[in-house]
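Below is one structure, written out as structure tokens; comments come after it.
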Amino acid sequence: MLTVSIVDNLRVRIGAPVPRVKEGASRAMDERKPHTNLVGVDTRPLRQQIADALQGAILGGEMKPGEALVETEIASRLGVSRAPVREALQLLANSGLVETVPYRGTTVRALTASDVEEVYSMRTVLETFALRRAMARGALSLAAELRSICDAMEGYAGTGDWSSVSAADERFHHAVIARADHRLLDHVWSELNVRVRQIMALRNLQNDDSMTIVYNHLPILDAIEVGDVDMAVRRLANHIATAADLVTSTDDIEEDADRPALAVEVALPQGN
């Protein structure tokens, strides 16, 4: 359900509400017109603004799995025509955040244990590959950047600032990807990270020990600082697997009807 607070947040994200247009009128008018928000003029098409706003609500935990997204309601409450809302929902469906079932409508996509396993096993493959590549390009400079991020994360955790802890957590992992200097890898990781953020939002809503998030990154950082690539890769893989286990145990992750959840695995050298 679109609560008043969610609608208000969506309006802020897309800028001031635009005038309601008659059904059947050209949607080009909606999409050509720039919309002014808190940071100036937003020239993105209205469908993209609405999609980004709804994505923000989903990834921020404001809209939970299974929640209905009714095209007419969204259009009415945002003061826009139905066409850009319909297109926005299609963009979200393409990214896997929502699903449309005939005669039942569109909902925030429910997450299953298998979804988590697939997302996190792929994340493990991408990030461990990136870490080896990044350390080969400069372990000390990577470690310095990650240490700075961890220090900031600890400060946020100390004040209970969940959103900033989550943002710093994401920066930590993306720093590894960016340091790998691999454009295709960065693109694929960024696409996958949309699903990771949706999953992370469920964990953050149910786990109030934000300092644990900080501490879970430190063993990885320690291994990078001493230049032990195999140890760093192992610890990163274990970190991701632990996160997957924590998320799978939350109430909003559905049990699979057709197959059990699988453990996150990655081929790693033996040792500490």
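Its first residue numbered 6, the sequence shown is counted upward by one per residue in the numbering used here.
For every residue, glycine included, the Cβ atom is placed at its ideal position computed from N, Cα and C.
In three-state terms, what does DSSP make of leucine 131? helix
Any chance the segment 112-126 sits against the segment 78-94, with 3 or more Cβ pairs inside 8 Å? no
Along the beta strand (DSSP E) that carries glycine 110, what are the first and last residues, could you check? 110-113
Range of the contiguous beta strand (DSSP E) that encloses threonine 105: 103-106
Going by DSSP in three states, threonine 77 sits in which element: helix, strand or coil? helix
Taking its Cβ as the centre, do 16 or more other Cβ atoms sit within 10 Å of tyrosine 161, making it buried, or is it exposed? buried
Can you tell me which of the three DSSP states threonine 48 falls into? coil
Any idea if alanine 135 is buried or exposed, counting beta-carbon neighbours within 10 angstroms, 16 or more meaning buried? buried
Would you report the Cα separation of glutamine 54 and leucine 197, rounded to the nearest angstrom? 21 Å
Could you check whether the segment 145-160 touches the segment 199-206, counting it as contact only if at least three pairs of C-beta atoms, one from each stretch, sit closer than 8 Å? no
Host alpha helix (DSSP H) of proline 89 (start-end): 87-99
Let's test the definition: count the other Cβ atoms within 10 Å of the Cβ of threonine 48 and tell me whether it reaches 16, buried, or not, exposed. exposed
How would you label arginine 32, buried or exposed, when you count the other beta carbons within 10 angstroms and need 16 or more for buried? Note on arginine 32: pLDDT 42, under 50, position unreliable in the model; no value is reported.
According to the neighbour-count rule (16 or more other Cβ atoms, all chains shown, within 10 Å of its Cβ), is aspartate 120 buried or exposed? buried
Per DSSP, what kind of secondary structure is alanine 185 in: helix, strand or coil? coil
What is the DSSP secondary structure of arginine 137, reduced to helix, strand or coil? helix
For glycine 61 and leucine 108, the rounded distance between their alpha carbons: Looking at the sequence provided, one finds tyrosine at residue 108 rather than leucine. Looking at the two C-alpha atoms, the distance is approximately 26 Å.
Sequence-distant residues of its chain with Cβ nearer than 7 Å to valine 234 (five each side left out): Arg137, Met140
Less than 8 Å between the C-beta atoms of glutamate 175 and valine 219, yes or no? no
Which word fits leucine 131, buried or exposed, when buried means at least 16 other C-beta atoms lie within 10 angstroms of its C-beta? buried
Taking the alpha-carbon of proline 70 as reference, which of Glu104, Thr217, Ile182, Asn243 has the nearest alpha-carbon? Glu104
Measuring CB to CB, does isoleucine 225 end up less than 8 Å from alanine 237? yes
Among Asn221, Glu230, Glu76, Gly143, which has the Cα closest to the Cα of threonine 247? Asn221
Valine 231 - DSSP class collapsed to helix/strand/coil: coil
Alpha-carbon to alpha-carbon, isoleucine 63 and aspartate 214: 22 Å
Note down the Cα distance separating leucine 223 from serine 153, rounded to an integer number of angstroms. 12 Å
Exposed or buried, which one is threonine 129 when buried takes at least 16 other CB atoms within 10 Å? buried
Rounded to whole angstroms, what's the CA-CA distance from serine 126 to histidine 187? Just pull it up for me. 20 Å
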